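Our numbering numbers the first residue of the sequence shown as 13 and each following residue consecutively. Glycine residues also receive a C-beta, built at the ideal position from the N, C-alpha and C atoms. It should be emphasised that the depicted structure is a prediction, and the values quoted were computed from it without experimental measurement. First up is the structure itself, then whatever we jot down about it.
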Amino acid sequence: MNPPTVDPTTALHSLQLDERQRAMLAAMGTPVWWPEAITETAAEAKPATLAPATVRPAPAPAAAPVPAPATATAPTANPAIGDLDWDALTEAIQSCQACGLCQGRQNAVPGMGNRSARWMIVGEAPGEQEDKQGLPFVGPAGQLLDAMLAAMGLTREADVYIANVIKCRPPHNRNPEPAEVAQCRPYLQRQIDLVQPDLILALGRFAAQTLLAGVVPDVDKLPLGKLRGQVYRVDGRPVVVSYHPAYLLRSPADKGKTWADLCLAMDALGYNPLTPSAET
Ligand code: SF4
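Next comes the structure, spelled out in structure tokens:
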């Protein structure tokens, strides 16, 4: 039987969200719906169980959570990185010359946010604005990320830590090369180890492929659409994959799928955005 057709405008007003959350969801251009129950704890994280409806973006086919094998932890090109504290890590990134991307950067972009956050956002690499300011996710893509976070009752300053796989801007925003990812990966791993987030949200194909290397066979051959829609386990920690905000600016039709991914992440974390202050 076909699911009922629901006018997204009607759906938007049917939820018990506050004005700010409604505004942010509207800013995302997202059909609004809510998971049936946000009761799972991270330890009980499960694949999407989101009931279908016309206004509900359909997650990719769910599968059993994928456990991480012992080899999931990224190789450490420089073992010393694994011993750095925050200040030393930031300094190491800002002075790093381990790959050719250092030559064209104005600023390396280590990351920003709450260093003890439950949520960690991992993107791909700095763009033009990020390179100028030395901060991740600024400019239009950053504004959309902020809207996504606000829809979840979160702010980048208080509730999440944001980092990229690659810390220096690739020229002309080209895709990072495997050797560059391999060189830069230990910095991200150290950030994860320091933050100890309860969940990682991987935004974009490179972030997903980097974090799921060793967890998903042939992950480098899979498009993002094949990776989203389930909760992975990497070093015992849930990882959820979704689209990068820069991609969503070009393909707004996929904002609904992104909202489904965010709901999946909230579900995995047992996080209720209607009472965020009680759980963050
Ligand atoms: S991209 Fe990473 S590995 Fe390359 S120079 Fe920048 S910080 Fe170093």
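For Gly-154, the uninterrupted alpha helix (DSSP H) run begins and ends at 151-163, by DSSP.
These are the residues, in chain order, with a beta carbon less than 7 angstroms from any non-hydrogen atom of the ligand SF4: Ile-105, Cys-108, Gln-109, Ala-110, Cys-111, Leu-113, Cys-114, Arg-117, Ala-120, Ile-178, Lys-179, Cys-180, Glu-192, Gln-195, Cys-196, Tyr-199.
Of Arg-249, Leu-161, Arg-197, Gly-268, the smallest CA-CA separation from Ala-137 is found for Arg-197.
Nearest to Val-243 by C-alpha distance, out of Leu-236, Val-253, Pro-235, is Val-253. Taking 3 residues as the shortest admissible run, the stretch 168-198 contains the following complete beta strand (DSSP E) segments, listed from N- to C-terminal end: 172-176.
Separation of Cys-180 and Asp-279 (C-alpha to C-alpha, rounded to the nearest whole angstrom) is 33 angstroms. C-alpha of Gly-139 to C-alpha of Asn-185: approximately 6 angstroms in a straight line. Cβ-Cβ distances below 7 angstroms link Gly-125 to Arg-168, Glu-169, Val-172, Tyr-173, Ile-174 in the same chain, with the five nearest sequence neighbours on each side left out; the list follows chain order. With a threshold of 16 other beta carbon atoms within 10 Å, Gln-203 meets it and is buried. DSSP places Val-228 outside both helix and strand once states are collapsed to three, so it counts as coil. In the displayed model, Arg-217 falls within a helix according to three-state DSSP. Contact check for Asn-176 and Gly-135: beta-carbon distance about 5 angstroms, within the 8 angstroms limit, so the pair qualifies. Counting along the chain, Pro-250 sits inside no alpha helix (DSSP H); it lies in the beta strand (DSSP E) bounded by residues 249-254. If only complete runs of 3 or more residues are kept, the stretch 97-151 shows the beta strand (DSSP E) at 131-135, in order along the chain. The straight-line gap separating the alpha-carbon atoms of Pro-148 and Lys-267 is approximately 21 angstroms.
Apart from the 5 residues on each side of it in sequence, Glu-192 sits with its Cβ closer than 7 angstroms to the Cβ of Cys-111, Leu-113, Ile-178 in its chain, given in chain order. Collapsing the DSSP output to three states places Arg-245 in a strand. Shown here, Leu-276 sits in a helix according to DSSP, grouped into three states. Short of 8 angstroms from the beta carbon of Gly-123, and not among the five residues preceding or following it, lie these beta carbons of its own chain, in chain order: Pro-148, Tyr-173, Ile-174, Ala-175, Asn-176, Gln-203. In this structure, DSSP gives Leu-236 a helical state, which the three-state scheme calls helix. Leaving aside the five residues that flank Thr-102 on each side, the residues in its chain whose CB is nearer than 6 angstroms to its CB run, in chain order, Pro-122. For Ala-258, the CB contacts under 6 angstroms within the same chain, skipping 5 residues up- and downstream, are Ala-153 in chain order. Going by DSSP, Leu-286 is part of no alpha helix (DSSP H) at all; its letter is neither H nor E.
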